[in-house]
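Visitor: Mind looking over this structure? Questions follow.
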Amino acid sequence: NEAERDQITMSLKVDVESKMGIVSDVQQELREANARKILYSSVQSVDI
Numbered sequence: 146n147e148a149e150r151d152q153i154t155m156s157l158k159v160d161v162e163s164k165m166g167i168v169s170d171v172q173q174e175l176r177e178a179n180a181r182k183i184l185y186s187s188v189q190s191v192d193i
């Protein structure tokens, strides 16, 4: 229901090499599902 949806936070862990277009597509789908709270994180690659 709508009240529960307002309490949900989506967390996207996005690879630093990901194309921004894919991230934008996911954002659009989340907007259409009325998921408004989104946290973004990424991990930088480490060269050994």
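For the sequence shown, my numbering puts the final residue at 193, and the numbers step up evenly by one. We put the CB at the ideal spot given by N, CA and C, even for glycine. Since the structure is predicted, the reported quantities are computational estimates derived from the model, not experimental observations.
(1) Secondary structure at Ser-186, three-state DSSP: helix, strand or coil?
(2) Report the three-state DSSP secondary structure of Ser-163 (helix, strand or coil).
(3) What does Ser-156 pair with, by DSSP beta-bridge criteria?
(4) Between the alpha carbons of Ala-180 and Gln-189, how many angstroms are there, rounded?
Guide: Based on what the coordinates show:
(1) strand
(2) coil
(3) Leu-184
(4) 27 Å
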